[in-house]
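Reminder that position 172 of the sequence shown reads as 188 in the working numbering, one-by-one numbering, no gaps. Just so you know, even glycine gets a beta-carbon here, dropped at the ideal spot from N, CA and C.
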Amino acid sequence: MSVIKKCLFPAAGYGTRFLPATKAMPKEMLPIVTKPLIQYGVEEAMAAGVSEMAIVTGRGKRAIEDHFDISYELEHQIAGSDKEELLQSTRNIMEHCTFSYTRQIAMKGLGHAILTGETLIGDDPFAVVLADDYCVIEGDGVLAQMVMLYEKYQCNIVAIEEVPENETYRYGVIEGEIEADNVYRISNMVEKPAPGEAPSNLAIIGRYILNPDIFDAIRNTRPDKNGEIQITDALRELAQQGKVIAYKFTGKRFDCGSIDGFIDATNYTYKLGLN
Ligand code: G1P
């Protein structure tokens with residue numbers, strides 16, 4: 017049984033880069049071949065031993081709730097046909113997981129979205145998956161790797177990967193000392209540094225394991241110049257107390273928040289028959 021039982025999915029964002037596709041459909045429901053992005057995230061969490069999925073949604077996101085529920089009409093229609101197996105993956109999820117939802121009323125940044133999820137998480141350590149970051153790997157998924165690390169360190173963990181220097185401005189970027197193989201103890205972290213000002217080329221990707229003291233840290237974090245509360249800023253406070261490590265994960269990650277990344281992910285998944 018995993019020590020991490022809950023996973024939070026911030027899923028309130030608009031996905032404007034994919035308009036008009038995301039006008040009436042949540043961006044988390046965009047399919048990589050036949051599965052919506054958020055389903056890959058849920059499956060990754062399940063593979064890490066997590067069974068309580070907590071989703072922070074917003075207006076226009078009802079399709080996510082319907083996806084992880086029974087569709088009686090559809091079940092009835094395809095019962096006994098060879099199409100039945102196409103619903104096997106969602107049935108399996110529903111058999112093993114619970115889902116809870118809360119709405120983020122205003123878009124005030126990732127830190128604010130995570131704080132909105134406090135009501136679903138309570139006082140336990142939890143994982144966070146940003147479904148836009150789609151991770152593929154043979155063997156243990158990224159979250160499963162991080163849960164194993166949490167068992168050892170019991171502190172906040174962010175997943176990182178090396179990115180080219182001219183791309184650091186798109187990410188949270190860390191600064192830290194090597195603690196073990198692929199593990200850094202973070203001393204500082206900067207959200208979307210200006211070109212040339214990044215402290216390293218180690219970029220945070222959308223997988224976190226957080227202790228519940230993150231919620232107070234977020235409450236104490238001031239909004240940035242755009243009025244958004246960043247999780248990176250809240251974590252920096254904890255990092256300065258030595259409470260955050262970064263983990264350079266094994267696996268391949270696609271930025272499905274961008275059209276190029278989404279297309280690459282689709283081609284890759286289709287070719288390998290991973291969907
Ligand atoms: C968020 C985080 C950022 C992180 C990124 C990973 O940014 O704020 O620190 O590097 O996710 O995908 P967003 O992509 O939501 O702007």
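Cα-Cα separation, Ile225 to Ser105 | Each residue's Cα considered, the two are about 25 Å apart.
So Asn172 is in the alpha helix (DSSP H); what residue range does that whole segment cover?
-> Note, Asn172: premise wrong, no alpha helix (DSSP H); beta strand (DSSP E) at Asn172 to Glu178.
Going by C-alpha distance, which of Ala95, Glu60, Glu44 and Ala61 is nearest Asp82?
-> Put simply, of Ala95, Glu60, Glu44 and Ala61 the residue whose alpha carbon is nearest the alpha carbon of Asp82 is Glu44.
Enumerate, from N- to C-terminal direction, the unbroken alpha helix (DSSP H) stretches of 4 or more residues contained entirely within the segment 208-239.
-> Secondary structure within the segment 208-239: the alpha helix (DSSP H) runs of 4 or more consecutive residues, fully enclosed, are 230-235 (chain order).
Residue range of the beta strand (DSSP E) that includes Tyr284 | For Tyr284, there is no enclosing beta strand (DSSP E); the residue is part of the alpha helix (DSSP H) that begins and ends at Ile275 to Leu288.
Who does Phe7 pair with in a DSSP beta bridge?
-> Absent from the structure is residue 7, since the part of the chain shown begins at 17 and ends at 291.
Is Glu207 buried or exposed, if buried means 16 or more other CB atoms sit within 10 Å of its CB?
-> Here Glu207 is buried. Its C-beta has 16 or more other C-beta atoms within 10 Å.
Examine the ligand G1P and report whether any of its heavy atoms sits within less than 7 Å of the Cβ of Val280.
-> According to the sequence as given, residue 280 is Asp; it is not Val. Asp280: no, Cβ never under 7 Å from the ligand G1P.
Same chain, Cβ closer than 8 Å to Asn217, five either side skipped, listed in chain order | Contacts found: Glu178, Val179, Pro180, Glu181, Thr184 and Val189.
Nonlocal neighbours in the same chain, by C-beta distance under 8 Å from Ser203, ignoring five residues either side = Glu191, Gly192, Glu193, Ala255 and Gln256, listed in sequence order.
Cys113 versus Met123 - alpha carbon distance = Rounded to whole angstroms, the separation of the alpha carbons of Met123 and Cys113 is 27 Å.
Once you ignore the five residues that flank Ile220 on each side, which residues in its own chain have a CB closer than 8 Å to its CB?
-> For Ile220, the CB contacts under 8 Å within the same chain, skipping 5 residues up- and downstream, are Val174, Ala175, Ile176, Tyr187, Gly188, Val189, Ile190, Met205, Thr248 and Ala262 in chain order.
Alpha carbon to alpha carbon, how far is Ala129 from Leu103? Give it in angstroms, no decimals.
-> The alpha-carbon atoms of Leu103 and Ala129 are separated by roughly 30 Å.
Ala219: beta carbon under 7 Å from a heavy atom of the ligand G1P?
-> At least one heavy atom of the ligand G1P sits closer than 7 Å to the Cβ of Ala219.
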